[in-house]
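Those protein sequences? They're chains E and B, same order as listed.
Take any residue in the first sequence, note its place counting from 1, add 607, and you have its number in this note's numbering.
Take any residue in the second sequence, note its place counting from 1, add 345, and you have its number in this note's numbering.
We put the beta carbon where it would ideally sit given N, CA and C, even for glycine.
Notes follow once the structure below has been shown.
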Amino acid sequence: MAPADHSPKTLYDKVWDEHVVRTDEHGTALLYIDRQLVHEVTSPQAFEGLRLAGRKPRRPEANLAVPDHNVPTLDRHLGIVDPISRLQVETLEANCREFGIQLFDMADRRQGVVHVVGPEEGFTQPGMTIVCGDSHTSTHGAFGALAFGVGTSEVEHVLATQCLLQKKSKSMLVTVDGVLGPGVTAKDIVLAIIGEIGTAGATGHVVEYGGEAIRALSMEGRMTVCNMAIEAGARAGLIGVDETTVEYVRGRPFAPEGELFEKAAAHWRTLRSDDGAAFDRVVHLDAATIRPQVTWGTSPEMVLPVDGAVPDPDAVADPVKAGSFRHALGYMGLVPGTPIGDISIDKVFIGSCTNGRIEDLRAAAEVAKGRKVADSVKLAMVVPGSGLVKAQAEAEGLDKIFIEAGFEWRDPGCSMCLAMNADRLEPGERCASTSNRNFEGRQGQGGRTHLVSPAMAAAAAIHGRFVDVREI
Amino acid sequence: MKPFENFRGTVLPLDRANVDTDAIIPKQFLKSIKRTGFGPNLFDEWRYLDTGEPGKDCSGRPLNPDFVMNQPKYAGATILLTRHNFGCGSSREHAPWALADHGIRVIIAPSFADIFHQNAIKNGLLPVVLDERIVDELFELATSEDPLEIEVDLHNLRMHPGRGAEQLAPIEIVIDRFHHHCLIHGLDDIGLTLQQVDKIADYEARRRTEAPWLFA
Ligand code: SF4
């Protein structure tokens, strides 16, 4: 046993150290994984691998499965029309039956986007290691859990061994000090961070977010910020545990109960970086300077405040960057110098694991209330992150606000975040989207995505173009 | 996984930064429940002029003549040369499956997205991180008239670039020792980990007392 080390530790050090089963001579750790979330797209080949090798899941109860990427958001009772999508969802159901893994199927009212469902069910808990075959697993880091996306081979590895082979990443601290202005949200914080450090700015790092503005966020907001850690290139995002975290977990179906909960909570409260803990890199942002953000290009780092104007590649010194700006502008059909406020949109998507939670829908509904979607907008859709979010929103009457304003009120799933189901952009269509990726073709081939907060998306729907939500 | 053998291959220069996994294999192909057959749809949206769909025969589809992969001199290239942050975006392992299925064996870039890097190695692909300056030089060589060839000697951690009879200075391959070991021996990670099953069981037993809520 190594002597006790009393030097200050980061949150990442603490969670990591608790999960190392062994470290080999190359410095690679065998890391124990407490929970795995499973969805239909990245799991079939993993289950197939188990079957071929005659292996069984080590702890079936440590896994929770839910179909989300392919599920329809309309007329769900009719089933999935696309036979290939249907086969993938049915394959998930069959695999879960065969291997004894709990599944929320398409008809289950708890079904939804895997990263909305995990926290909502209390399956996600502080201090855990959590993986999923999906990059936005970083979302769960909002709970002070070490959560990261893995590939299909690793999904299989975790199923078979409850462990992963990992090298420890470097650590990075992003602090957002001060107080956010009105109308500025968690989404704007994370887009501003990515604008500041770039999409590869945190590559090789686990990012911890801290500072007054982060502490002030609800769990929903914290999840939004951690969700997009991956868009900054980070392996994972983390936020230290406080009472907001503990109270969110209390009483959820998978959470411990009674005395066991108190025992867990006492440990959870220690899950924050010690004073004086060293990070490999530190970045500071001032919350007061963050304005509502809108992406203009095909990478999340191509982002501007709503009162900005599309940049001119000729003014960019770095030739590689200028080239990618030119390419992005061509794809997006934008000319340099265009004010963000002059960009009109065809569709609006409110949803996804970034912004499909109840608080997001409330923020959008507040803007939509008593107003109408502009005639020029072909489709404005609201897709709740889960069935429970949908039920909650309906209990609060948000569905009526949206429907009266001319939004479509859909069933939960990934939907137009990645357009694997029927919800997609047509070539050339421009969308205000609350999702996390504005890559070429992400929302449909030739589709043009602008990432914004839920309030900004709702405001864009009403005006048919981007407007500053603080001014309406 | 098959052991990584030394080989000599042609370099395909893809002069773009931040190539994301959606670009490597568009999402409509993720609906497959198999691991193979993704090769013809590698870089689908850039490679073809029409829209690719799963199950569509690619042999008769109109090729985009401007896309580098479609230039005859790069036919059969097995070494992809690209720019920084290659493989960013989704964690889909379909991206390395598509690259491998097409016949790519080595990817050279100034940097890779983390998950892609892991996924590549797990599928027997060798990601090589090189200094931006060397990547620039390789681009210059690979895009000139004669294609660039590289002899990849992973065993000795060396790449020997050359064009025709002209040999250029060798380049060192820097790779994690464990990854090197796994690639050259074609090791199955799961089998390796299962050799530690006693240690895993001990760990679980300890955690059951330390943090019983994790097992509730
Ligand atoms: S909502 Fe979008 S980003 Fe989130 S899991 Fe689904 S597809 Fe991925």
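Among the options, nearest to residue i - alpha-carbon criterion
i          : options                                        : result
E/Asn-834  : E/Asn-1043, E/Ala-1068, E/Asp-1075, E/Gln-1050 : E/Asn-1043
E/Ile-1079 : E/Gly-977, E/Leu-771, E/Asp-881                : E/Gly-977
B/Ala-465  : B/Leu-483, B/Glu-482, B/Asp-446                : B/Asp-446
E/Leu-657  : E/Val-765, E/Gln-900, E/Asp-925                : E/Val-765
E/His-626  : B/Val-519, B/Ile-545, B/Asp-367                : B/Ile-545
E/Val-853  : E/Ile-965, E/Ser-1040, E/His-874, E/Ala-767    : E/His-874
E/Gly-944  : E/Asp-919, E/Glu-838, E/Ala-871, E/Gly-818     : E/Asp-919
E/Ile-952  : E/Arg-1072, E/Leu-637, E/Phe-706, E/Ala-653    : E/Arg-1072
E/Val-813  : E/Ser-776, E/Thr-792, E/Gly-785                : E/Ser-776
B/Thr-355  : B/Ala-561, B/Thr-554, B/Ala-487                : B/Ala-487
E/Ala-660  : B/Ser-435, B/Leu-559, B/Gly-536                : B/Gly-536
E/Ile-837  : B/Ser-435, B/Arg-478, B/Pro-410                : B/Ser-435
B/Leu-357  : B/Arg-478, B/Leu-493, B/Asp-481, B/Asn-386     : B/Leu-493
E/Ala-987  : E/Arg-969, E/Trp-1016, E/Ile-1008              : E/Trp-1016
E/Asp-967  : E/Gly-828, E/Glu-763, E/Ile-691                : E/Gly-828
E/Gly-634  : E/Leu-681, E/Leu-772, E/Thr-1056, E/Ala-799    : E/Leu-772
B/Glu-496  : B/Leu-513, B/Asp-481, B/Val-480                : B/Leu-513
E/His-722  : E/Ile-640, E/Val-1076, E/Gly-958, E/Leu-867    : E/Gly-958
B/Arg-392  : B/Lys-401, B/Asn-415, B/Ala-556, B/Asp-534     : B/Asn-415
E/Gly-915  : E/Ala-1068, E/Pro-946, E/Ala-935, E/Glu-803    : E/Pro-946
B/Asp-547  : E/Asn-702, E/Tyr-639, E/Ala-894                : E/Tyr-639
E/Val-791  : E/Ala-894, E/Ala-701, E/Leu-941                : E/Ala-894
Distance CB(residue i)-CB(residue j) smaller than 8 Å
i          : j          : result
E/Met-1023 : E/Gln-1050 : yes
E/Leu-685  : E/Glu-647  : no
B/Ile-529  : B/Phe-352  : no
B/Gly-397  : B/Pro-371  : yes
E/Ser-778  : E/Tyr-938  : no
E/Val-720  : E/Gly-992  : yes
B/Ala-368  : B/Phe-383  : no
B/Lys-467  : E/Ser-760  : yes
E/Gly-725  : E/Pro-667  : no
E/Lys-954  : E/Cys-1021 : no
E/Met-830  : E/Thr-902  : no
E/Ile-691  : B/Pro-441  : no
E/Leu-1058 : E/Pro-907  : yes
B/Ile-378  : E/Gln-643  : no
E/Ala-970  : E/Ile-897  : no
E/Val-923  : E/Leu-936  : no
Cβ separation of residue i and residue j, assumed to be a contact under 8 Å, to the nearest whole Å
i          : j         : result
E/Phe-886  : E/Leu-780 : 4 Å
E/Ala-669  : E/Gln-732 : Not a contact, Cβ separation roughly 12 Å.
E/Leu-1081 : E/Val-783 : Residue 1081 of chain E is absent from the model: chain E starts at 608 and stops at 1079.
B/Thr-423  : B/Ile-449 : 6 Å
B/Asp-360  : B/Phe-484 : 6 Å
E/Gly-1013 : E/Val-974 : In fact, because the Cβ distance is near 13 Å, the residues do not count as touching under 8 Å.
B/Ile-516  : B/Pro-506 : 7 Å
E/Met-735  : E/Val-678 : Going by Cβ atoms, the distance from E/Met-735 to E/Val-678 rounds to 26 Å, so no, they are not a contact pair.
B/Asp-498  : E/Gly-811 : Their Cβ separation, rounded to whole angstroms, is 27 Å, which puts B/Asp-498 and E/Gly-811 out of contact at 8 Å.
E/Asp-982  : E/Leu-681 : Not quite, the Cβ-Cβ distance comes to about 22 Å (not below 8 Å), so this is no contact.
B/Cys-433  : B/Asp-476 : Contact doesn't hold; Cβ gap of about 20 Å is too wide.
Exposed unless 16 or more other CB atoms sit within 10 angstroms - verdict on residue i
i          : result
B/Val-542  : exposed
B/Pro-472  : buried
E/Lys-621  : buried
E/Val-628  : buried
E/Phe-880  : It should be pointed out that residue 880 of chain E corresponds to Ser in this sequence rather than to Phe. Under this definition E/Ser-880 is a buried residue.
B/Arg-522  : exposed
E/Glu-727  : buried
B/Thr-381  : exposed
E/Ala-609  : With a pLDDT of only 48 at E/Ala-609, under 50, the local geometry of the prediction cannot be trusted, and no value is derived from it.
E/Leu-911  : buried
E/Thr-1041 : buried
E/Gly-883  : exposed
E/Lys-794  : buried
E/Gly-904  : buried
E/His-613  : exposed
Quick test of the definition: if touching needs 3 or more C-beta pairs under 8 Å, does the segment 924-934 of chain E touch the segment 822-833 of chain E?
At 8 Å Cβ cutoff, the stretches do not touch.
Between the segment 730-742 of chain E and the segment 806-814 of chain E, do three or more beta carbon pairs fall short of 8 Å?
Taking 8 Å as the limit for Cβ pairs, the verdict is that the segment 806-814 of chain E does not touch the segment 730-742 of chain E.
Per the contact definition of three or more C-beta pairs closer than 8 Å, is the segment 454-469 of chain B in contact with the segment 490-502 of chain B?
In this structure the segment 490-502 of chain B does not touch the segment 454-469 of chain B; the number of beta carbon pairs closer than 8 Å is below three.
Answer yes if the segment 835-844 of chain E comes into contact with the segment 746-763 of chain E, meaning at least three C-beta pairs across the two stretches below 8 Å, and no otherwise.
With a cut-off of 8 Å, the segment 835-844 of chain E and the segment 746-763 of chain E count as touching, because enough Cβ pairs lie within range.
At least 3 beta-carbon pairs within less than 8 Å: the segment 1055-1070 of chain E vs the segment 946-965 of chain E:
Contact between the segment 1055-1070 of chain E and the segment 946-965 of chain E is established, with three or more Cβ pairs separated by less than 8 Å.
Spell out a yes or no on whether the segment 670-685 of chain E and the segment 636-653 of chain E are touching, meaning 3 or more CB-CB pairs, one atom from each, closer than 8 Å.
Under the 8 Å Cβ criterion, the segment 670-685 of chain E counts as touching the segment 636-653 of chain E, having at least three qualifying pairs.
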